[in-house]
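Same order as they appear, the protein sequences are chains A and B. Using our numbering, read the first sequence as starting at 1 and increasing by one per residue. Using our numbering, read the second sequence as starting at 1001 and increasing by one per residue. Following: one structure in structure tokens, then a few remarks.
Number of protein chains: 2
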Amino acid sequence: MIPMSPRKQQILRALVEEYIHTATPVASETLVRKYGLSFSSATVRHELAGLEEGHLIYQPHTSAGRVPTDLGYRYFVEHLMQESALSLDEQRLIRHQFYQVQDQLDQWVRLTASVMARLLHSAAVMTPPRADEGRLKHFEVLSVTELSAHLVLVLMDGTVKQQRLLLEDPIEQEELSSAADRLNKLLQQKSAGEVKKILEQNDLSPVEHLIGTTIARILEQHGDPLGDVFYREGVVNILEQPEYSRMGPEEERSERVRKVMEVLEQNRFLPALASHLRESDGVQVIIGGENEWDDMKDVSLVVARYGHEGKIGGLLGVIGPTRMQYGRAIAVVRYMTQVMNELLAEVYGFDE
Amino acid sequence: MIPMSPRKQQILRALVEEYIHTATPVASETLVRKYGLSFSSATVRHELAGLEEGHLIYQPHTSAGRVPTDLGYRYFVEHLMQESALSLDEQRLIRHQFYQVQDQLDQWVRLTASVMARLLHSAAVMTPPRADEGRLKHFEVLSVTELSAHLVLVLMDGTVKQQRLLLEDPIEQEELSSAADRLNKLLQQKSAGEVKKILEQNDLSPVEHLIGTTIARILEQHGDPLGDVFYREGVVNILEQPEYSRMGPEEERSERVRKVMEVLEQNRFLPALASHLRESDGVQVIIGGENEWDDMKDVSLVVARYGHEGKIGGLLGVIGPTRMQYGRAIAVVRYMTQVMNELLAEVYGFDE
DNA sequence: TATTTGCACTCTCGCGGTGAGAGTGCTAGC
DNA sequence: GCTAGCACTCTCACCGCGAGAGTGCAAATA
């Protein structure tokens, strides 16, 4: 990293803010004029040349203004930016919306994503709350035909799994029900490991054993964040960003659009991201090509884990062009994490 | 409708097919050359003029070829097109994919949508199977704080609803559990109306009454298709269609893209559509501006209800530019409905 | 009368040229 | 070390133009 004099910092900061605002390469004189710098545009140009050496900014072509690089944004986020907290009005509005759906837990995720999308005019993504470890709440078995049954499983975090059971011998609904009754009592609140132990320690009929092992397998798979759904909201907002609808040659633009859409459609990307995130480390910013995903070269992510360590939680965040209002995005994501945490605490009875 | 001589039909059919293939206004001579017509291009031009009178086709500008209008597509779909069934290989491949996830009901919806999207290179949408009338399977109540509890409801169709209960007086978990036990026995398999009746006929404690009425309300709401989720798959495919990425002036194109995206993002649109569909009438085609939705002026839908009348079902279909391979789309949608119906029949034990 | 041939006409689209404007880098002077 | 001045470069929007595609119509033909 090149040495960053206070003046360089001042200029870089102004440049990034201006570019985030206008989406247009920034000229030296614009900086002087709009940001009241106490030195001339020629001096600014010297410094800009320096910043360009350090790969913090670049010129799209000779005699265009400067644009921040990913590295430039990174420096901005780490050292220059300040988080712009939500206004009290905004906070009130958000709280009010959650108040209206307070009883319907299913709505929380959608509302959170939708709030983020609207506040930031970008796409928001979010996984529903999941327990870190699958625990059984209750299950039912329904006879379908002589040799098949239908197993419905409710987990402690509210997830439901449905599964078909293929039976070895014909079994009546009655027998299934009594087996279910007995196992429900034994296995309630138990995790995959505990279920397995209990299965070994008890003398069970073949049906009970089949049901039990199936349950254990499902609980095990549940911990795996892959293959899980996530909500997207505000994808259109992305299309309205100038880099996807106005700026630059048409061909590049539609390529950009395609890439973002592809990423957003991959069901894998958020869960995969989860494993890359440093453990519960507050709001995290991933800028453009910093991650290994090729398709994400021109987008940035602001994400955070929400929930309660070791109990239940998920991921939420926004995705947009690298030219993103980081200060505000971080504030919004942080605030929504907090809201979700409080709601979860209330409904599951954790202490904050 | 203008009189449609066999020759007009022949020409219209060729024109629509050619346009669906090339996405380019079709010239009279192209028709003669590629479709082996037994008369000259001048004759074709006469007929084209006639078809244009009838608003079945139009010219983007003088001296361009012709393009079908929505009305033209409609005539094509109703009278000229033939459904192109899936090849045996394709059928086998699909069956095989479902075979692999046969036990995981959660995967069916996603797989169905994904198959349709891939087969047709367009966006696919699908609602998860829902019972026509909500019926209770089982519920649990968990004490959270002294004055609040957490209600988890499993419906017969596998839906789960979670809801917070605010209690009037402090109640212990034990009392909640016994209330739940009693009510579970009373209300199992019951619909909203039946639940209400049972609540009146039995002498219940205040808690039991609170739980019961909450359950009734939730069951009632469940019938309402609005506010329900639906899956989207293959949205990127739409962007690859020439009308959204290559053809015509850039400005119109991005406007088109924005519109489609907006429609696809509206959570309301599929459920709202459901109510407009003629009852269980096989595969239905909605072309461009035929419906009242303004934003859907340039897209077509091929949708169908799936499931079993009066028991359980949902909606599935594809959405793409009006220039859509209707024959194939209809075949695919029809086939997938059939697959879903069979799967549902197997797992819920209906007779076909 | 129905069709075809021949042809003039119209409109789009892609191309190269061009000039204004923006913004730079450099140099000389303060 | 900073600034004013200036020549230089590159983009971008605009224009004009010619080729080509496809039509509509009139006259010729079966």
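For glycine and all other residues, C-beta sits at the position ideal for the given N, C-alpha and C.
Using 8 Å as the cut-off, can you tell me whether the region 30-40 of chain A makes contact with the region 98-118 of chain A, which would need three or more C-beta pairs spanning the two stretches below that distance? No contact exists between the region 30-40 of chain A and the region 98-118 of chain A.
According to the neighbour-count rule (16 or more other Cβ atoms, all chains shown, within 10 Å of its Cβ), is B/P1206 buried or exposed? By 1-based counting over the second sequence, the position of residue 1206 of chain B is 206. That one is exposed.
At a Cβ cut of 7 Å, what residues of the region 157-170 of chain A count as close to chain B, listed as they run along the chain? Here the close residues are G158, V160, K161, Q162, Q163 and R164.
Nearest to B/V1016 (by Cα), restricted to the options B/L1147, B/A1331 and B/Y1035: Start at 1 with the first residue of the second sequence, and residue 1016 of chain B comes out as number 16. If we check each option's Cα against that of B/V1016, B/Y1035 comes out closest.
Evaluate B/G1248 with the Cβ neighbour count: other Cβ atoms within 10 Å of its Cβ, from every protein chain shown; 16 or more gives buried, anything less gives exposed. The residue given as residue 1248 of chain B occupies position 248 in the second sequence. Counting the other Cβ atoms within 10 Å of the Cβ of B/G1248 gives fewer than 16, which makes it exposed.
When we look at the beta-carbon of B/Q1241 and count the other beta-carbons within 10 Å, is it buried (16 or more) or exposed? Position 241 of the second sequence holds residue 1241 of chain B. Answer is buried; the Cβ neighbour count reaches 16.
If you follow the beta strand (DSSP E) that B/G1314 is in, where does it begin and where does it stop? Locating residue 1314 of chain B in the second sequence gives position 314, counting from the first residue. Per DSSP, B/G1314 belongs to the beta strand (DSSP E) from I1312 to P1321.
Look at B/S1191 and B/L1219 and say whether their C-beta atoms are less than 8 Å apart. The count along the second sequence starts at 1 and reaches residue 1191 of chain B at position 191. The count along the second sequence starts at 1 and reaches residue 1219 of chain B at position 219. Yes, they are a contact pair.
Given that a residue counts as buried once 16 or more other Cβ atoms are within 10 Å of its Cβ, and exposed if not, what is A/L88? Walking along the first sequence from the start, residue 88 of chain A turns up at place 88. Burial call: exposed.
The region 76-94 of chain A in contact with the region 329-338 of chain A per 3-pair CB rule at 8 Å: When Cβ pairs closer than 8 Å are counted between the two stretches, the region 76-94 of chain A is seen to touch the region 329-338 of chain A, the count reaching three or more.
According to DSSP, is B/T1069 part of a helix, a strand, or is it coil? The residue you call residue 1069 of chain B lines up with position 69 of the second sequence. It is coil, neither helix nor strand.
Taking 8 Å as the threshold (beta carbon to beta carbon), is B/H1308 in contact with chain A? Numbered from its first residue, the second sequence carries residue 1308 of chain B at position 308. With 8 Å as the cut-off, B/H1308 does not count as an interface residue toward chain A.
Please return the same chain residues whose Cβ sits closer than 6 Å to the Cβ of A/G54, not counting the five positions on each side in sequence. In the first sequence, counting from the first residue as 1, residue 54 of chain A sits at position 54. Excluding residues within five positions, the ones whose Cβ falls inside 6 Å are I2.
Beta-carbon within less than 7 Å of A/R328's beta-carbon, same chain only, minus the 5 sequence neighbours each way: which residues are those? Your numbering for residue 328 of chain A matches position 328 in the first sequence. Here A/R328 has S84 and L120 as same chain residues with Cβ atoms under 7 Å from its own Cβ, once five neighbours each way along the sequence are excluded.
Beta-bridge pairing of A/R33 - partner residues as DSSP gives them: On the first sequence, position 33 is the one that residue 33 of chain A refers to. A/R33 pairs with nothing; no bridge assigned.
With 8 Å as the threshold, decide whether the Cβ of A/H55 is near any Cβ in chain B. In the first sequence, residue 55 of chain A corresponds to position 55, counting from 1. Between A/H55 and chain B, the shortest Cβ-Cβ separation is not below 8 Å.
What residues of chain B sit near A/T145, judged by a beta carbon separation below 7 Å? Taking the first sequence and counting its residues from 1, the one referred to as residue 145 of chain A is at position 145. Within chain B, the residues near A/T145 are G1349.
Counting pairs of Cβ atoms below 8 Å between the region 1124-1141 of chain B and the region 1153-1166 of chain B, do you hit three or more? Short answer: they touch.
Nearest to A/N237 (by Cα), restricted to the options B/L1270, B/R1258 and B/L1147: The sequence position of residue 237 of chain A within the first sequence is 237, counting from 1. Nearest C-alpha to A/N237: B/R1258.
Leaving out five residues on either side along the sequence, give the residues of the same chain with a beta carbon under 8 Å from the beta carbon of A/E140. For the purposes of this step, residue 140 of chain A is taken as the residue at position 140 of the first sequence. Cβ-Cβ distances below 8 Å link A/E140 to L151, V152 and A180 in the same chain, with the five nearest sequence neighbours on each side left out; the list follows chain order.
Should the region 108-118 of chain A be called in touch with the region 1312-1323 of chain B, which here means at least 3 C-beta pairs below 8 Å? Too few Cβ pairs lie closer than 8 Å, so no.
Contact check, A/D169 vs A/A131, beta carbons under 8 Å: Locating residue 169 of chain A in the first sequence gives position 169, where the first residue counts as 1. Locating residue 131 of chain A in the first sequence gives position 131, where the first residue counts as 1. No. Outside cutoff.
Is DSSP giving B/S1177 helix, strand or coil here? For this step, residue 1177 of chain B is matched to residue 177 along the second sequence. The DSSP-derived three-state label of B/S1177 is helix.
Ordered along the chain, which non-local residues of its own chain (more than five positions away) have a Cβ less than 7 Å from that of B/P1129? For the purposes of this step, residue 1129 of chain B is identified with residue 129 of the second sequence, where counting begins at 1. Taken in chain order, the residues that qualify are D1157, G1307, I1312, G1313, G1314 and L1344.
Beta-carbon spacing of A/L165, A/T214 below 8 Å: The residue you call residue 165 of chain A lines up with position 165 of the first sequence. The residue you call residue 214 of chain A lines up with position 214 of the first sequence. Taking C-beta atoms as the reference points, A/L165 and A/T214 count as a pair closer than 8 Å.
Look at A/S122 and A/I330 and say whether their C-beta atoms are less than 8 Å apart. As a working note, residue 122 of chain A is residue 122 in the first sequence. As a working note, residue 330 of chain A is residue 330 in the first sequence. Between A/S122 and A/I330, the C-beta gap is not smaller than 8 Å, which leaves the two residues out of contact.
Selected residue, minimal CA-CA separation from B/P963, among B/L1239, B/V1283, B/V1144 and B/F1230: Residue 963 of chain B lies beyond the range of chain B shown here (1001 to 1352); nothing can be said about it.
Sort out for me which residues DSSP pairs B/A1304 with in a bridge. In the second sequence, the residue the question calls residue 1304 of chain B occupies position 304. Per DSSP, the beta bridge partners of B/A1304 are B/L1316.
Can the beta-carbon of B/R1182 be found less than 8 Å from the beta-carbon of B/E1208? Residue mapping note: residue 1182 of chain B aligns to position 182 of the second sequence, counting from 1. Residue mapping note: residue 1208 of chain B aligns to position 208 of the second sequence, counting from 1. Yes.
Within the 8 Å Cβ cut-off, does B/K1137 reach chain A? Numbered from its first residue, the second sequence carries residue 1137 of chain B at position 137. Closer than 8 Å: yes.
Verify whether the separation of the beta carbon atoms of B/Q1162 and B/S1143 is less than 8 Å. Locating residue 1162 of chain B in the second sequence gives position 162, counting from the first residue. Locating residue 1143 of chain B in the second sequence gives position 143, counting from the first residue. For B/Q1162 and B/S1143, no; Cβs fall outside 8 Å.
Determine, using beta carbons only, whether A/S63 and A/L48 come nearer to each other than 8 Å. What you label residue 63 of chain A is simply residue 63 of the first sequence in a count that begins at 1. What you label residue 48 of chain A is simply residue 48 of the first sequence in a count that begins at 1. It is not a contact, given that the beta carbons lie outside the stated cut-off.
Residue-chain proximity (A/H150, chain B), Cβ-Cβ < 8 Å: Reading the first sequence from its first residue, position 150 is the one you call residue 150 of chain A. Answer yes: the Cβ-Cβ gap between A/H150 and chain B drops below 8 Å somewhere.
How should B/P1025 be labelled, buried or exposed, when 16 other C-beta atoms within 10 angstroms of its C-beta is the threshold for buried? For the purposes of this step, residue 1025 of chain B is taken as residue 25 along the second sequence, with counting starting at 1. Buried, since its Cβ has 16 or more Cβ neighbours within 10 Å.
Report the residue from A/V235, A/V195, A/G234 and A/S275 whose alpha carbon sits nearest the alpha carbon of A/R217. Translated into positions along the first sequence, residue 217 of chain A becomes position 217. Ranking the options by Cα distance to A/R217, first place goes to A/V195.
At a Cβ threshold of 8 Å, is A/E262 touching chain B? Sequence index remark: in the first sequence, residue 262 of chain A carries index 262 (1-based). Output row for A/E262: interface = yes.
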